[in-house]
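Sequential numbering of the sequence shown, starting at 202, is according to our numbering.
Virtual Cβ for every residue (Gly too), placed ideally from N, Cα, C.
Below you'll find the structure, written out as structure tokens, and then a few comments.
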Amino acid sequence: METLIQGITSISMGQIVMMLIGCLLMYLGIKKEYEPTLLVPMGLGTLLVNFPGSGVLTQVVGTTKTEGVLDVLFNAGINTELFPLLIFIGIGAMIDFGPLLQNPFMLLFGAAAQFGIFFTVIIAVLFGFDIKEAASIGIIGAADGPTAIFVSNQLAPKLLGAITVAAYSYMALVPIIQPLAIKAVTTKKERQIRMTYKSENVSKTTKIVFPIIITVLAGFIAPISLPLVGFLMFGNLLRECGVLDRLSATAQNELVNIVSILLGLTISVKMQADLFLNVQTLMIIAFGLVAFIMDSVGGVLFAKLLNVFRKEKINPMIGAAGISAFPMSSRVIQKMASEEDPKNFVLMYAVGANVSGQIASVIAGGLLLSFFS
202 METLIQGITS ISMGQIVMML IGCLLMYLGI KKEYEPTLLV PMGLGTLLVN
252 FPGSGVLTQV VGTTKTEGVL DVLFNAGINT ELFPLLIFIG IGAMIDFGPL
302 LQNPFMLLFG AAAQFGIFFT VIIAVLFGFD IKEAASIGII GAADGPTAIF
352 VSNQLAPKLL GAITVAAYSY MALVPIIQPL AIKAVTTKKE RQIRMTYKSE
402 NVSKTTKIVF PIIITVLAGF IAPISLPLVG FLMFGNLLRE CGVLDRLSAT
452 AQNELVNIVS ILLGLTISVK MQADLFLNVQ TLMIIAFGLV AFIMDSVGGV
502 LFAKLLNVFR KEKINPMIGA AGISAFPMSS RVIQKMASEE DPKNFVLMYA
552 VGANVSGQIA SVIAGGLLLS FFS
């Protein structure tokens, strides 16, 4: 009983708050199904790391140093960037670039929808963050958790916990945030624009060559992004080459599942009360929302600009699908189009923009690293 009382009295108010945040993350993952593969392990990990003297973290008692299991995993998987990169192999194996290859024009929307990243970098600097911290906050707008982890761990590792929570939370909230942002900058008439879709076959050779070409181009444009782009395209090559189906299936399932468990638990190292509970964290979460909204708005406004010069109009909502939240964003766009006009089918265009956003987001992350690393 004495040991129990001593343990309870040794917990600070900040640690109790973090435990409640951990419970909230698990609730959102389990009950609301918001990115459960990451939020559930992260939530439980947040409980583990906020107990005083917890064995999951490295401790020094007298002259004896005992390494905690989560610190070991963090040093092996996050500090080395290994876990985010392994996730990218699985993501690449899941993505079908066919809709993009049928309409390469959609690449422009993937690029335009990264506007919020660079916009937020400027805003964060104006509010007192240094340029590396600002770049790490801006990458939240990529709507790509592994990219956010990869970039922030190199530029501002002390912000990793807040940035990861913000990135995955906003990814999960795409169905709520994007419709509000899109409706704020479009009219009902614009949202009702129909686009004629012509299905064209994409040859197997094209699908095989595409990831190789993207890797080479990324090597010239932003060489530091090659770990991200290269692993993503390697996963896609497993999918498309036709002779590695077992490896493709493993990358999509076992690899992603195992690394997601380890990644969620390991990120919780940065969810300790003394690292997370501060005004800076609230600002990061707020600026992350700005980045996310401005990415969607940037894509929509770019589409509207193109419509000024085009005879065949583009439904501007397609531009918002240029973020990296695949395939959730493209589904949201189709749902919005159907609500405005039940016969309006823009899904394939939205998917094309969405997969291009996956490529553009990792290149944007690489550009930030090349500028500020």
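In this structure, DSSP gives valine 257 a state outside helix and strand, which the three-state scheme calls coil.
Looking at the DSSP output, lysine 266 bridges to Val261. Per the coordinates, the alpha-carbon of valine 257 lies some 7 Å from the alpha-carbon of leucine 249.
A Cβ-Cβ distance of about 4 Å is found for the pair alanine 554 and phenylalanine 310, placing them in contact under the 8 Å criterion.
Inter-segment contact for the stretch 358-375 and the stretch 456-475 is present: three or more beta-carbon pairs are separated by less than 8 Å.
Excluding residues up to 5 positions away in sequence, Ala474 and Leu478 lie with their Cβ nearer than 6 Å to the Cβ of glycine 215 in the same chain. Spatial neighbours of glutamine 559 in its own chain (CB-CB distance under 8 Å, excluding positions within 5 residues in sequence) are listed in chain order as Ile292, Ile296, Gly311, Asp345, Leu433, Ser525 and Phe527. In the structure shown, phenylalanine 289 falls within a helical segment according to DSSP collapsed to helix, strand and coil. Burial state of isoleucine 415 is buried, judged by a 10 Å Cβ sphere holding 16 or more other Cβ atoms. Under the three-state reduction of DSSP output, asparagine 437 falls in the helix class. If you check the CB distance, valine 403 and leucine 271 do not come in under 8 Å.
Taking all protein chains in view, the Cβ of proline 424 is surrounded by fewer than 16 other Cβ atoms within 10 Å, so the residue is classified as exposed.
Glutamate 401 and leucine 226 have their alpha carbons spaced roughly 43 Å apart.
In this structure arginine 511 is exposed. Its beta-carbon is surrounded by fewer than 16 other beta-carbon atoms within 10 angstroms. The C-beta of asparagine 516 has 16 or more other C-beta atoms within 10 Å across all chains shown, which makes the residue buried. Around the Cβ of serine 213, a 10 Å sphere holds fewer than 16 other Cβ atoms; the residue is exposed. Counting C-beta pairs with one atom in each stretch, the stretch 530-541 and the stretch 372-384 have three or more that are closer than 8 Å, which means they touch. Between the alpha carbons of valine 430 and alanine 450 lies a gap of roughly 20 Å. Around the beta carbon of leucine 356, a 10 Å sphere encloses 16 or more other beta carbons of the protein chains shown; the residue is thus reported as buried.
Scanning the stretch 287-361 from its first residue to its last, the whole alpha helix (DSSP H) runs of 4-plus residues come out as 299-303, 308-313, 316-327, 332-339 and 346-356. Nearest to leucine 239 by C-alpha distance, out of Gly465, Gly254, Gly523 and Val509, is Gly465. The beta carbons of phenylalanine 488 and isoleucine 324 sit closer together than 8 Å.
Scanning its chain for C-beta atoms nearer than 8 Å, with the 5 sequence neighbours on each side dropped, one finds around serine 426 the residues Ala419, Val563, Ile564, Gly566, Gly567, Leu568, Leu570 and Ser571, in chain order. Look at valine 563 here: in three-state DSSP terms it is helix. Taking 8 Å as the cut-off, the beta carbon of alanine 294 is found closer than this to the beta carbon of arginine 440. When secondary structure is reduced to three states using DSSP, proline 528 falls in the coil class, being assigned neither helix nor strand.
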